[in-house]
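Sequence lines, in order, name chains R and G.
Just so we're aligned: 44 in our numbering is position 44 of the first sequence, and the numbers increase by one with no gaps anywhere.
Just so we're aligned: 277 in our numbering is position 22 of the second sequence, and the numbers increase by one with no gaps anywhere.
All C-beta atoms in this analysis are idealised placements derived from N, C-alpha and C, irrespective of residue type, glycine included.
Predicted, not measured: the structure shown is a model, and the values here were computed from it.
This report refers to the structure that appears directly beneath it.
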Amino acid sequence: MDEPLLSLREISMHFGGLKALDRVSFDLHEGEILGLIGPNGAGKTTCFNTVSGVYRPTSGEIRFRGKRTDGLPPHRMAALGIGRTFQIVRPFPNLTVLENVIVASGLSCYGRLIPSCRSWKGRKTREEALEILARVGLEIQAGQKAGLLPLGNLRRLELARALALKPHLLLLDESFSGLRHEEIAQQEELVRKTRESGISILLIEHNMRVAMGLCDRLVVLDHGRKLAEGKPEAIRNNPEVIRAYLGKGGSANAS
Amino acid sequence: MQLFLEQMLNGIAIGAIYAMITLGLALVYGILRILHVAHAAVYTVGAYVGLAVFSATHSILLSAGGAMLVCAGVGVLIERLVYFPLLKYPPYVPLIGSIACLLAIEELCRLAAGPYILSFPAQLPFPSFTVGGIVISSTLTAVYCISAGVLALLWFITTRTELGLAMRATSQDMAIASAMGINSHRIISLTFMMGSAVAAIAGILVGVYYNQVYPSMGAVPAYKTLALIVVGGLGSVPGAVLASILLGVGETLLIGYAGIPLPRDALAFIAMIAVLLWRPQGLLGSRG
């Protein structure tokens, strides 16, 4: 087996007395869609925040593309190739849809002062951003203020913004929640296409049907601990998982 | 009529200077949601450093350059040493820190240069005009040209460059901007440097315009610019500029020309109260 793209080793994250993550380990391999599931408060978003650099884990080790990354700040993680979306959509409301995407594609320039003074309306940046918008189906809305978009479009804008970083790994935090049926199907299609284009994906999902259908493997968290890890079928039949998670009225969803 | 036009021209010049000080405040409020009262102290430092360099070299260009450099440094120091550690507390805590900075820097200026009013006998290298009997002095020309240039440059940077896009993104949502690869600390520091360098120019212009530099010259601007960013719309840079110019013209015309018996500095606050009553989001503010 080659080296995993992302590996978490014994990651703990404590907030005062609360163990939001308690020695969690898992690997994500190149080209994989890995799902992170678990009841509310299980530590899924905390896990995302340690991977994307928002939190420095209390202990443990994170490696991304072979490099130790725990404790690096978010903008460094973005530069290394981790793009993310947020559970609660957060576009830059006063920028246009196109500008929202260009913000993320300006990456290579933000490190230095001089190149960042070049006009960002340069043709190449613009064309790349438009191409990404076309990929997620938002090219018509390019000139609109992002704050005016409906939720479905915002979820796709978040994805477009993350893609503009040209990431190796995409973290999707509940990218399907609040969407209508046909929008969910579209979004699933989009995630699959993204993976086909060579980007690995780690996603948090509450909708069990979506998670089971989309992911190659699942990691189940509960109270900050890793409860189980495996293929969707195995997780569905894992008695511990059923007890901790699906048992609480969730079994109907799972079937 | 001639007097009216002359007063009008003076008013616009004063407004342009207000605009250059208020800008820094609006930029900082936009990005950190902090009322940067100490900005007026940066402006005072700008005037003193400008005067010191001018006295030593008799070059107004070196004087401006030196003052801008020193002020950019002072601005970043205030941000790093005072605001950054206090950001996690409620907004009044950094505000108190800011007031402390203002007073401390004023006193430092007093200790370093003495409590006297110093004169700033520089001639700005700009031509004077006489149009239809109205004399536009070289100082006035300088204020117009320099402020227009500074405002145009800032407008260009914030709306037409990647740096400006990064600044706007950071001011709208710092966490997301970081996730998009923007080093928001660096953007914040750059914002302080830009605002402070512009304040240095304003300090020198005021020093030359009134031929006065003194330790408490920042006191009135400190609270007047606060009123101005409220009138313009908190965090709105175009609003701050518009409010500043309106105030400059208003002060000169209403109190100087029309002779309304009010202290000149009261007008900014009357405007602020009026705005808070009838248009709380400010002239160009977006949300209420």
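- Proximity of G/I437 to chain R, defined by a Cβ-Cβ separation below 9 Å, is satisfied.
- Closest option to R/E30, judged by alpha-carbon separation, among R/R225, R/V220, R/L202 and R/M13: R/L202.
- Within a 10 Å sphere around the beta-carbon of R/A162 sit 16 or more other beta-carbons, which makes this residue buried.
- The alpha helix (DSSP H) runs lying completely inside the region 193-239 of chain R and spanning 4 residues or more are 208-214 and 232-237, given in chain order.
- The beta carbons of G/G537 and G/V486 sit about 6 Å from each other, so the pair counts as a contact at 8 Å.
- Using a Cβ-Cβ cut-off of 8 Å, R/V103 is close to L420, A421, A424, A432, M435 and I437 of chain G, given in chain order.
- Shown here for G/L509: same chain residues with a beta carbon closer than 6 Å to its own, the five before and five after excluded, namely I515 in chain order.
- Around the C-beta of R/C47, 16 or more other C-beta atoms lie within 10 Å, and the residue is accordingly described as buried.
- For the region 144-176 of chain R, residues whose beta-carbon sits nearer than 7 Å to a beta-carbon of chain G comprise R161 and L165.
- Apart from the 5 residues on each side of it in sequence, R/L157 sits with its Cβ closer than 7 Å to the Cβ of P91, V97, N100, L138, A146 and L149 in its chain, given in chain order.
- Around the C-beta of R/T194, 16 or more other C-beta atoms lie within 10 Å, and the residue is accordingly described as buried.
- Within the same chain, no residue comes within 6 Å of R/R209 by CB-CB distance, once the 5 residues on both sides are set aside.
- Residue G/A407 holds the alpha-carbon nearest to the alpha-carbon of G/P493 among G/L460, G/G505, G/A407 and G/V468.
- Under DSSP, R/E61 forms a beta bridge with R/R9.
- Interface with chain G (9 Å Cβ-Cβ cutoff): R/F92 is included.
- Within the region 14-78 of chain R, the runs of beta strand (DSSP E) that reach at least 3 residues and sit entirely inside it are, in chain order, 18-28, 33-37 and 59-64.
- From the beta-carbon of R/E99, the residues of chain G found nearer than 9 Å are L420, R423 and A424.
- According to the DSSP secondary-structure assignment, R/R84 is paired through a beta bridge with R/L171.
- If you ignore the 5 residues before and after G/V504, its C-beta comes within less than 7 Å of the C-beta of M263, G266, I267 and G270, all in its own chain and listed in chain order.
- Rounded to the nearest angstrom, the gap between the Cα atoms of G/H313 and G/A377 is 8 Å.
- Going by C-alpha positions, G/E334 is about 43 Å away from R/V220.
- The residues T299, in chain order, have a CB closer than 6 Å to that of G/M472 in the same chain once the five nearest residues on each side in sequence are set aside.
- In the assembly as shown, R/D2 is an exposed residue. Its beta-carbon has fewer than 16 other beta-carbons within 10 Å.
- Spanning the alpha carbons of G/L336 and G/L278 requires a straight line of approximately 22 Å.
- The three-state reading of DSSP puts G/I437 in coil, since its state is none of H, G, I, E or B.
- Here G/V461 carries a helix assignment [DSSP, helix/strand/coil].
- The C-beta of R/P73 comes closer than 9 Å to at least one C-beta of chain G.
- The alpha-carbon of R/R217 is positioned some 14 Å away from that of R/S25.
- The beta-carbon of R/R84 is placed less than 9 Å from the nearest beta-carbon of chain G.
- In the displayed model, G/I515 falls within coil according to three-state DSSP, outside both helix and strand.
- Closer than 9 Å to the CB of G/E334 there is not a single CB belonging to chain R.
- Using a Cβ distance threshold of 9 Å, G/G330 and G/S426 do not count as a contacting pair.
- For G/V475, there is no enclosing beta strand (DSSP E); the enclosing alpha helix (DSSP H) covers residues A474 to G487.
- Put simply, of G/I431, G/G458, G/P476 and G/F259 the residue whose alpha carbon is nearest the alpha carbon of G/V468 is G/G458.
- By the C-beta density criterion, R/R155 is buried, having at least 16 other C-beta atoms within 10 angstroms.
- Interface with chain R (9 Å Cβ-Cβ cutoff): G/Q257 is excluded.
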